[in-house]
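In UniProt numbering, the protein residues as written are 1 to 274.
Ideal placement from N, C-alpha and C gives every residue a C-beta, glycine not left out.
Just below is one structure, and these are the notes that go with it.
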């Protein structure tokens with residue numbers, strides 16, 4: 001479930017807590033496979049200094065330096081992944097435990113194991129898997145992407161927003177919210193959306209993502225997402241459309257409707273998003 005705001009929250013917190021510290025040891029659960037696996041992974045990381053924490057799409061990237069060589073530790077949370085920070089003398093367990101030289105640990109867990117922990121030699125190798133970040137593109141860039149052959153005239157706008165090869169970081173929650181804010185029906189074909197409407201949509205995307213970041217992201221009813229301190233996000237109390245099937249639209253008082261698009265729950269107002 002963690003999308004751009006949740007991952008950004010974790011990245012910002014990790015920057016404050018782990019940058020400048022050394023990884024003294026690593027413990028990998030014997031049932032879990034990192035890339036590379038086993039001792040190759042552990043030997044590459046142990047005694048590395050953490051010099052940065054960044055986000056690429058929905059991926060946490062920890063930059064490591066050892067003997068003047070840099071590697072990039074990628075943690076993808078997928079649906080149920082978590083990264084937690086534990087101070088000295090507190091119990092912790094997880095799939096991968098990174099022990100730091102001050103006695104603290106940051107721990108990767110993933111109940112459904114759809115995420116990954118992978119070491120990259122170059123940041124570009126990871127970046128090339130994804131489209132541009134929504135915060136780093138202009139309205140003109142966005143229109144070209146949505147109108148591109150990659151998006152395809154047959155694609156509806158919601159599916160295009162969720163395609164990480166086109167735009168990186170947007171997930172189901174924020175696609176629903178942004179489309180409502182822009183008054184665009186989620187089933188609208190990309191080819192049918194005017195350039196001006198796309199500019200409004202990009203502004204809505206940036207707005208909802210930024211507001212969610214200020215609330216440390218969203219924690220849904222399954223309670224799977226927390227920040228590194230174990231605190232829930234709070235943006236779910238500000239949803240205008242997501243998860244509100246049958247409730248009243250705040251703008252027009254019509255009942256919010258629900259459909260499935262490409263296996264994803266999709267919420268919309270039949271009047272505002274007509």
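Taking the Cα positions, residue 11 is about 6 Å away from residue 60. At a cut-off of 4 residues, the continuous stretches assigned as alpha helix (DSSP H) that sit fully inside the segment 129-158 are 139-146. Contact check for residue 62 and residue 49: beta-carbon distance about 11 Å, past the 8 Å limit, so the pair fails to qualify.
For the 7 Å CB-CB criterion, residue 97 and residue 34 do not form a contact. DSSP places residue 118 in the uninterrupted beta strand (DSSP E) bounded by 116-120. Only residues of its own chain outside the window of five on either side were considered, and among them 84, 92, 94, 97 have a CB closer than 6 Å to the CB of residue 107, listed in chain order.
Within a 10 Å sphere around the beta-carbon of residue 114 sit fewer than 16 other beta-carbons, which makes this residue exposed.
A residue is called buried when at least 16 other Cβ atoms come within 10 angstroms of its Cβ; residue 174 meets this threshold and is buried. In this structure, residue 183 lies near residue 272, with their beta-carbon atoms less than 7 Å apart. Straight across, the Cα-Cα distance linking residue 66 with residue 45 is about 8 Å.
For residue 181, the CB contacts under 6 Å within the same chain, skipping 5 residues up- and downstream, are 204 in chain order.
Taking 4 residues as the shortest admissible run, the segment 47-119 contains no complete alpha helix (DSSP H) segment at all.
Close CB contacts of residue 70 within its chain, under the 8 Å cut and outside five residues either way in sequence, are with 51, 63, 64 (chain order). Collapsing the DSSP output to three states places residue 257 in a strand.
At the C-beta level, residue 235 and residue 221 stay beyond 7 Å of one another. The shortest CA-to-CA distance from residue 82 to any of 172, 38, 102, 230 is the one to 230.
For residue 40, the three-state secondary structure derived from DSSP is helix. Going by C-alpha positions, residue 13 is about 24 Å away from residue 124. Between residue 112 and the set 260, 224, 131, the nearest pair of CA atoms involves 224.
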